[in-house]
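Yeah, the sequence shown ends on 573 if you go by the numbering used here, and it's all consecutive.
One structure below.
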Amino acid sequence: MAITQNNRPAPTLIFIFGGSGDLNYRKLTPALFNLYLDDWMPERFSIMGLARTEISAEKYKAHLLEGVKNFSRRKEVKKEDWKKFSDSISYIQMDAGEEAAYEKIAASVKKHEKEWGGHPNVIFYLAVAPQLVPIITKHLGKLNICADTKCSRIVIEKPFGHDFKSAHDLNALLTQTFDEKQIYRIDHYLGKETVQNILALRFANALFEPIWNRSYIDHVQITAAETVGVEGRGGYYETAGALRDMVQNHILQLLCMIAMEAPVSFNDDEIRNKKVDVLNAIRPIPVEEIQDFAVRGQYGPGWIKGEKVPGYRQEKNVDPNSPVETFAAVKFYIDNWRWQGVPFYVRTGKCLNEKSTIITLQFRPAPHYAFPSEAAESWRPNRLTISIQPEMDIRIRFQAKRPGQGMILSPVDMIFNYEEAYHDHSPEAYETLLLDVMEGDATLFMRADQVEAAWKVIEPILHVWGTRTPVDFPNYSPGSWGPEDAEALIARDGHNWITLPAPHQE
Numbered sequence: 068m069a070i071t072q073n074n075r076p077a078p079t080l081i082f083i084f085g086g087s088g089d090l091n092y093r094k095l096t097p098a099l100f101n102l103y104l105d106d107w108m109p110e111r112f113s114i115m116g117l118a119r120t121e122i123s124a125e126k127y128k129a130h131l132l133e134g135v136k137n138f139s140r141r142k143e144v145k146k147e148d149w150k151k152f153s154d155s156i157s158y159i160q161m162d163a164g165e166e167a168a169y170e171k172i173a174a175s176v177k178k179h180e181k182e183w184g185g186h187p188n189v190i191f192y193l194a195v196a197p198q199l200v201p202i203i204t205k206h207l208g209k210l211n212i213c214a215d216t217k218c219s220r221i222v223i224e225k226p227f228g229h230d231f232k233s234a235h236d237l238n239a240l241l242t243q244t245f246d247e248k249q250i251y252r253i254d255h256y257l258g259k260e261t262v263q264n265i266l267a268l269r270f271a272n273a274l275f276e277p278i279w280n281r282s283y284i285d286h287v288q289i290t291a292a293e294t295v296g297v298e299g300r301g302g303y304y305e306t307a308g309a310l311r312d313m314v315q316n317h318i319l320q321l322l323c324m325i326a327m328e329a330p331v332s333f334n335d336d337e338i339r340n341k342k343v344d345v346l347n348a349i350r351p352i353p354v355e356e357i358q359d360f361a362v363r364g365q366y367g368p369g370w371i372k373g374e375k376v377p378g379y380r381q382e383k384n385v386d387p388n389s390p391v392e393t394f395a396a397v398k399f400y401i402d403n404w405r406w407q408g409v410p411f412y413v414r415t416g417k418c419l420n421e422k423s424t425i426i427t428l429q430f431r432p433a434p435h436y437a438f439p440s441e442a443a444e445s446w447r448p449n450r451l452t453i454s455i456q457p458e459m460d461i462r463i464r465f466q467a468k469r470p471g472q473g474m475i476l477s478p479v480d481m482i483f484n485y486e487e488a489y490h491d492h493s494p495e496a497y498e499t500l501l502l503d504v505m506e507g508d509a510t511l512f513m514r515a516d517q518v519e520a521a522w523k524v525i526e527p528i529l530h531v532w533g534t535r536t537p538v539d540f541p542n543y544s545p546g547s548w549g550p551e552d553a554e555a556l557i558a559r560d561g562h563n564w565i566t567l568p569a570p571h572q573e
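Next up, the structure:
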């Protein structure tokens, strides 16, 4: 979590495995270019794309420039800026499975050491399919440069494992070559400005922290909804599903940010220790009670905003009888002093009514007895809502008297909006995270014990869903808010799922 302005990282070499792939095209190079334009890149840096694709260096740069123009938060690219930045980009054609090819990496490091007059930071970014991670790691382990725990780092994209055992085995393999402090397991959600602001909201304001507990908070909701389907990623999604794809990592990390105890410092391990404490305190769900705590769904064919969309089972590379869930809702309890008895409801899904990621803390109702009965007709509990996307804002709902002679109360929202408050463009999540990797700050990255603890939380649900074939799939229509059982899950406790009004309604 970079906090020092223009205190640039040390000279850095970045090797991007999967350099010709979609992640680099859409996210990594646009992020690195924005860091360069904002004077955050090291004074000396080199970015090397590694892939099997046969392509010239010039065509490779032209391909990346196209990605910047299409996906960067900056809509215009000055030729002179791109020329200076791209002078530090090169391409190495290699097969990640061939051990001899890794000598090209070692040679590049030695070349830059000689040119720059010192040993640079060396970052290996694995923007590749999960099955290639062990192969690349083993080959990298034979290079002497990986033994430098201060300067060498490896970045691993999700999914990190398929279940607890595979995640544990992958951690064991990685730590044969790298020290834990060299391993950066990336979750782009944690790089979002609004997510990072959760820590500031909670721990920098005396207004909130005293009431951030079971005495005042009735329940917490986290929604991560998407309007799109699997978008051609049916092959991947068939091995994942909503629970693995979203709940195990993104949503549980958001839950940790909301539920963690106050850190004694902003040291990276101190923050991560507090998050692990939350995961370890989540109440295990007995296998025989899974149906009371977890709901799954799968979208069928239908319409969204006037456009016809196929059902999940009609998507490319999807089994026509697939039991994979595209929607998941779970109720969690955290068994510690702060949160005992407070339910945390989470839900995520594809082809839902709107694209949004919001966190809502609903407070216990205030006593009504001091007011006349008519004052409380539209009374609503106080609520704090943190909107992560597409809007970035924080809302506090409270009661206010309506204008007029009577004592009539209505709920109103007080809204802090990032775009209105700050005119500077917020950095994209990958900009924040890539800068943190270069600076060696692991605060926003998942540690081995975090990953494994998160898998343990959802493993009972995975076990039940994997052994019991759903009989009602598909069970929700595109453009809805998921299956009816998801409404029942929260309604049994007297609550309802909270959504934000569309911008034009405010």
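Even glycine gets a Cβ: it sits at the ideal position worked out from N, Cα and C.
- Rounded to whole angstroms, the separation of the alpha carbons of H130 and A521 is 37 Å.
- V287 places its beta carbon less than 9 Å from that of Y412.
- With a cutoff of 9 Å on beta-carbon distance, I455 and T424 are scored as near each other.
- The beta carbons of Q320 and D254 sit closer together than 9 Å.
- In the assembly as shown, G416 is a buried residue. Its beta-carbon has 16 or more other beta-carbons within 10 Å.
- Around the beta carbon of S87, a 10 Å sphere encloses 16 or more other beta carbons of the protein chains shown; the residue is thus reported as buried.
- Counting along the chain, E374 sits inside the beta strand (DSSP E) bounded by residues 374-376.
- Closest option to V376, judged by alpha-carbon separation, among S547, T96, V362, A555: S547.
- For P527, the enclosing alpha helix (DSSP H) starts and ends at 515-534.
- With 16 or more other Cβ atoms inside 10 Å of its own Cβ, A292 counts as buried.
- With a beta-carbon spacing of about 16 Å, P97 and M505 fall beyond the 8 Å limit used to define contacts.
- Going by DSSP, R462 is part of the beta strand (DSSP E) stretching over 460-468.
- Between T261 and L419, the CB-CB gap reaches or exceeds 9 Å.
- In this structure, DSSP gives W370 an extended state, which the three-state scheme calls strand.
- With a cutoff of 9 Å on beta-carbon distance, I159 and F112 are scored as not near each other.
- The three-state secondary structure of V176, taken from DSSP, is helix.
- Look at the beta carbons and you see the segment 207-221 touching the segment 167-180: at least three pairs across the two are nearer than 8 Å.
- Residue state for M115 is assigned as strand, using DSSP reduced to three classes.
- If you draw a straight line from the Cα of D106 to the Cα of G507, it is about 18 Å long.
- Here D154 is exposed. Its C-beta has fewer than 16 other C-beta atoms within 10 Å.
- Note on geometry: alpha-carbon atoms of A395 and N280 lie some 26 Å from one another.
- Judged by pairs of C-beta atoms under 8 Å, the segment 341-355 touches the segment 312-327, as three or more such pairs exist.
- Taken through DSSP and simplified to helix, strand or coil, Y489 comes out as coil.
- Beyond the five residues adjoining it in sequence on each side, F333 comes within less than 6 Å, by CB distance, of no other residue in the same chain.
- About 6 Å separates the beta carbon of L95 from that of Y497, a gap short enough to meet the 8 Å contact definition.
- Within the segment 200-275, the runs of alpha helix (DSSP H) at least 4 residues long that lie entirely inside it are, in chain order, 200-207, 231-244, 260-270.
- Judged by beta-carbon spacing, H562 lies beyond the 9 Å limit of R141, meaning their Cβ atoms are not closer than that value.
- Residue burial annotation: G301 is buried, with at least 16 other C-beta atoms found within 10 angstroms of its C-beta.
- In chain order, V362 place their CB closer than 7 Å to the CB of D552, counting only its own chain and leaving out the 5 sequence neighbours on each side.
- Note that the C-beta distance between G228 and V518 is below 9 Å.
- In the same chain as A309, and ignoring 5 residues on each side of it, the C-beta atoms closer than 8 Å to its own belong to R363, E392, T393, F394, A395, T415, G416, K417, in chain order.
- For F399, the enclosing beta strand (DSSP E) has its first and last residue at 394-400.
- Of the residues assessed, D162 falls on the exposed side of the cut-off, its CB having fewer than 16 other CB atoms within 10 angstroms.
- Taking a cut-off of 8 Å on C-beta distances, the segment 243-251 does not touch the segment 473-493, as fewer than three cross pairs fall below it.
- Of the residues A174, A267, P368, the one whose Cα lies closest to the Cα of I338 is A267.
- Under the criterion of beta carbons closer than 8 Å, D335 and T79 do not qualify as touching, at roughly 19 Å.
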